[in-house]
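Sequence lines, in order, name chains X and R.
In this text, residue positions in the first sequence follow our numbering: the first is -13, and each later residue adds one.
In this text, residue positions in the second sequence follow our numbering: the first is 1024, and each later residue adds one.
Think of the CB as a built atom: it goes at the ideal place given N, C-alpha and C, for glycine as much as any other residue.
Only a predicted model underlies this, so the values are computations on that prediction, with no experimental measurement involved.
The next block holds one structure in the form of structure tokens; read it before the comments.
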Amino acid sequence: MKRNQNRIGLLFISPSLILVGVIVYFGIGYTFWGSTREWSDIRSPSTSIGFSNFEKVAQDPIVYMALKNILIFGFLTVLIQMILGFFAAVMLSGNTIIARNIHKTFIFLPVIISPAVTSISFQQLMTPDGEVNSFLRLIGLDSLQQEWLADPKVALVSLVIINIWQWTSFSFILYQAALTQIDQETLEAAEIDGANSRQMMAKIIAPQIKGTHLTLVIMGFIGSMKTFELPFLVTRGGPAGSTEFLTTYIFDQTVLRFKFGYGSTLSVLLCLLSIIFTVVLIRNSRERNM
Amino acid sequence: MEGLKMSDQKRADNRSRFKVLLAAILLPLSLIVATSPSASAEPTVINWWAWNPGGPVDDNPHIKAFEAANPDIKVVLRNLAYEDYKNALRLAVTTGEGPDVFGVQVGPLTDQYASSAEDLTSYLSKSVLGSGWKKKMIGADQLVSAGKQVASPFYISAAGLLWYNKTLFDKNKVTVPTDLASFKAACAKFKAVKINCFIHGAKDAWVNLDMFQTISNQIDPGNFYKAIKGESKFNTPNYVKAFSTWKSLFTSGLVQKGSLGTPQYMDAYDSYMKGSSAMILLGSWQNPQMTKTSAALNAKTYAGTNAGKFLHMAVPMPGLVAKAKTGALFGGPDLGWAMSSTSKNKAAAWKWIEFLTIGEGQKIMAGQGNQPANISVPIDTSDFLSSSQKGVVEMQAKALATMIGQREIPNADVQKALADALSAVAAGTQSATAAATAVQKAINLAYGL
């Protein structure tokens, strides 16, 4: 009877298993195999070169530049999106703001706009003669005008700004959901005990939604590693590589330069970094909870 | 006995049922065969993939003329933006579901798709051009890879030209520049009337490479084409000078602010065509903009501006260095048309390629102001807006006959290294000396030096 039940259970999950096994794990395995090949022609058979591609990656300055950009981009976007999303969720969960539902709708709108549309729009807005600089002139902040996408010193920050505009609402939604799970009696008791808003936020609310913090950090950093449309459509990795990401470099090597072997190596690197980051963070979080 | 009778009856019933079933299957099939048009009546379909040079999908003049002359062949054009085209083509050739005829550029694209393309040598030899076809087609040798004629050249592009809006120059009494000093003087005058002087889309690597080749050829004509193949050194004072000159275009303000974030097509190009900018670096592929047909189209495309009334002219890039040797153009086939080695309609595919690159298609190309690859077909200037523009074509014809080198850099890694160096120098993140060294390193790696 139990064996029968196991078989039936297996039958139910087999479509998902096949999908994940074939598409995800086979894909990863095939990419790893491709990374050990010298494969630079569309049709010609590839030749095995062992781990030479990995040695090449270790000496490639563009890879280090891309990793640095991912780190800076990930840190800034995750931190600022979490702070803004958290505060927006807290403010809109109370009764002090009128028309809260309308505010929530407007806050959520950017996340449903296609990243491609957002990228092209901001590319126009951020030209030297674009609306961003025009607005700064209008409010008397001429000194803050920049060549947002053409100056290597600010181009990455420009991408950070665009990403924050698009994805803060995602943090807001998760925090809003988490806040509804907080026991109201705990908050009332704290209020009675004389805790002010700042203390309640820091000592009661924030600790109780640790799970949401962790989720946003993991998803945020992995999202930063996987980000492609934004740097590709807005800056193409330039100027001078200042917004090169691993994803744009993989595209450049694999699609534009036909270097499938080297592109596969970079993809393996991206996959490994994502796994290592996730494992480290989850373990760290578990140890703290103990 | 009764059982046997039943068995016979059963067999008879089965036979009847089988006959009814067979009739039920065969009757509709025969109707389908009878009513469908015969296979020989259907035109042969040629799938043709291209980017911009293919022209519009609807009302394509080449397709219309070809199909009128060849009613048994239908050409279906798939026109994609260049980056999408490369990706789509790569996927298509690996699956064998790709086009019959596709475009390739000189350089890495020709090498990459050599194994997927039919060798056109014998086709070209048997064409009306005969065995001397190589001398009758400009730049055919640039579309050869590993001894194979991968593609037949379509039209010729020469880069290194400074296109200017003559209407704006005349209106503001500005003299066309011939050297750096007159270039700066022209820019000062345009700045005073709030017109951007020279627009450059430095976000696009290809136009930066064009500008760098132009500067290099002004310093040491032709050496660039040896240096990028490792046949002479790149980390020399001349190339450091070329990088420094390149940087000075940005620091002096000749190139507009934000150039590194501006693509040449369409942002910089639109600015020039609308009359917001007076000059732009392009090539002979811009010739069609001198025609009345293009002017009418521009009036619609850029409605609300005077785009339809502008007169566009070109001169070789003025000297940007002291004692500059100007006048040389570099280039070759803008693209060639290749036949897929897996095409099921090779005869028809060749007819289409022949039309485009040898036959009537060359005259259509010439009528648009482009330089045909077939040397016997001159550019048709009858549709030009002004007779003064014919001088542009005459200047180009002389320069095309003695082109200084191939526009496309043959090795993809060297091309990327040079493009990255140009971007870094323009952005101020790399010195001219370091840039020349970085490119030399890439050349050494690429050619095993």
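Residue closest to residue i, alpha-carbon to alpha-carbon, out of the options
i	options	result
T166/X	L78/X, W19/X, R(-11)/X, R272/X	L78/X
T1237/R	V1338/R, Q1312/R, G1327/R, S1145/R	V1338/R
L259/X	S228/X, D238/X, I204/X	I204/X
T161/X	S100/X, T198/X, L255/X	Here residue 161/X is Tyr; the residue named in the question, Thr, does not match the sequence. That would be T198/X, whose Cα lies nearest to the Cα of Y161/X.
E1065/R	I1096/R, Q1463/R, A1424/R	I1096/R
E24/X	L267/X, F244/X, C257/X	F244/X
N1329/R	Y1248/R, L1472/R, S1399/R, N1188/R	N1188/R
G1155/R	V1415/R, I1398/R, D1403/R, Q1419/R	I1398/R
A1435/R	N87/X, V241/X, C257/X	V241/X
L1277/R	Y1262/R, S1300/R, T1314/R	S1300/R
I1381/R	A1137/R, P1084/R, K1159/R, E1106/R	K1159/R
S1275/R	T1456/R, R1113/R, A1204/R, S1239/R	A1204/R
T22/X	F263/X, C257/X, F246/X, R272/X	F246/X
R269/X	L232/X, L200/X, R(-7)/X	L200/X
G1428/R	K1264/R, P1244/R, Y1178/R, E1417/R	P1244/R
Y1470/R	K1217/R, K1256/R, K1374/R, A1104/R	K1256/R
I1086/R	M1388/R, I1402/R, A1465/R, S1410/R	M1388/R
F73/X	K139/X, F158/X, I236/X	F158/X
Cβ separation of residue i and residue j, assumed to be a contact under 8 Å, to the nearest whole Å
i	j	result
V1099/R	N1075/R	Contact doesn't hold; Cβ gap of about 18 Å is too wide.
G206/X	Q(-9)/X	Not confirmed; about 40 Å, so no contact.
L135/X	S144/X	6 Å
Y1358/R	V1127/R	A small correction: the amino acid at residue 1358/R is Leu; Tyr does not occupy that position in the sequence shown. Contact flag correct, Cβ pair sits at about 6 Å.
S1364/R	A1111/R	Actually they are not in contact, since the Cβ atoms of S1364/R and A1111/R sit about 18 Å apart, beyond 8 Å.
A102/X	E215/X	6 Å
V220/X	Q131/X	Going by Cβ atoms, the distance from V220/X to Q131/X rounds to 18 Å, so no, they are not a contact pair.
N1368/R	Q1279/R	N1368/R to Q1279/R, Cβ: 49 Å. No contact.
T990/R	L1408/R	Any question about residue 990/R goes unanswered here, given that chain R covers just 1024 to 1472.
S253/X	L142/X	Contact doesn't hold; Cβ gap of about 22 Å is too wide.
Buried versus exposed call for residue i [16 or more other C-beta atoms within 10 Å across all chains shown]
i	result
T234/X	buried
P1/X	exposed
S210/X	buried
D169/X	exposed
D1082/R	exposed
M1289/R	exposed
R1430/R	buried
R184/X	exposed
N39/X	buried
I1376/R	buried
D1193/R	exposed
A1461/R	buried
V265/X	exposed
I261/X	exposed
N55/X	buried
Q45/X	exposed
D1107/R	exposed
P1060/R	For P1060/R, the pLDDT reaches just 48, beneath the cut-off of 50, and the residue's location in the model is therefore unreliable, leaving the point undetermined.
I125/X	exposed
R1113/R	buried
N1240/R	buried
Check: residue i C-beta below 7 Å from any heavy atom of the ligand GTP
i	result
V220/X	The model on display carries no ligand, and the ligand GTP is accordingly not part of it.
Just by C-beta distance, which residues in the region 1278 to 1296 of chain R are closer than 9 Å to chain X?
-> Q1279, K1280, G1281, S1282, L1283, G1284, T1285, P1286, D1290
Please list the residues of the region 1430 to 1448 of chain R that have a C-beta atom closer than 8 Å to any C-beta atom in chain X, keeping them in chain order.
-> A1435, D1436, K1439, D1443, S1446, A1447
What residues in the region 1209 to 1234 of chain R have a beta carbon less than 7 Å from any beta carbon of chain X?
-> K1226
Could you say if the region 1267 to 1274 of chain R and the region 1446 to 1464 of chain R meet the contact criterion of at least three C-beta pairs nearer than 8 Å?
-> yes
Is the region 1353 to 1360 of chain R touching the region 1179 to 1193 of chain R in the sense that three or more CB pairs, one from each, lie closer than 8 Å?
-> yes
Can we say the region 1223 to 1238 of chain R touches the region 1432 to 1441 of chain R, given the rule of at least three CB pairs closer than 8 Å?
-> yes
Below 8 Å, can you find three or more Cβ-Cβ pairs linking the region 136 to 154 of chain X to the region 91 to 98 of chain X?
-> yes
Contact set between the region 242 to 273 of chain X and chain R, restricted to residues whose Cβ is under 8 Å from the partner = L242, R243, F244
Can we say the region 1090 to 1107 of chain R touches the region 1325 to 1343 of chain R, given the rule of at least three CB pairs closer than 8 Å?
-> no
When Cβ atoms are compared, which residues of the region 1108 to 1122 of chain R fall closer than 8 Å to chain X?
-> K1109, N1110, R1113, V1116, T1117
Pairing CB atoms from the region 1307 to 1322 of chain R with CB atoms from the region 1202 to 1214 of chain R, are three or more of them under 8 Å?
-> no
Identify each residue in the region 204 to 227 of chain X for which the Cβ-Cβ distance to at least one residue of chain R is less than 8 Å, and report them in chain order.
-> T221, R222, G224, P225, A226, G227
Contacting positions in the region 126 to 139 of chain X - beta carbon closer than 8 Å to chain R = E133, W134, L135, A136, D137, P138
Name, going along the chain, the residues of the region 88 to 120 of chain X whose beta-carbon falls closer than 7 Å to a beta-carbon of chain R.
-> T113, P114
Taking one C-beta from the region 1305 to 1314 of chain R and one from the region 1394 to 1413 of chain R each time, how about it: are there three or more such pairs within less than 8 Å?
-> yes
Do the region 1108 to 1126 of chain R and the region 1144 to 1152 of chain R touch if we need at least three Cβ pairs shorter than 8 Å?
-> The region 1108 to 1126 of chain R vs the region 1144 to 1152 of chain R: no contact.
Members of the region 1122 to 1140 of chain R that neighbour chain X once the beta carbon cut-off is set at 8 Å = Only P1131, Q1135, Y1136, S1138, S1139 from the region 1122 to 1140 of chain R bring a Cβ to less than 8 Å from some Cβ of chain X.
Report yes or no: do the region 1341 to 1350 of chain R and the region 1165 to 1177 of chain R share at least 3 C-beta pairs separated by less than 8 Å?
-> no
According to a CB-to-CB cut-off of less than 9 Å, which residues of the region 1144 to 1165 of chain R neighbour chain X?
-> none
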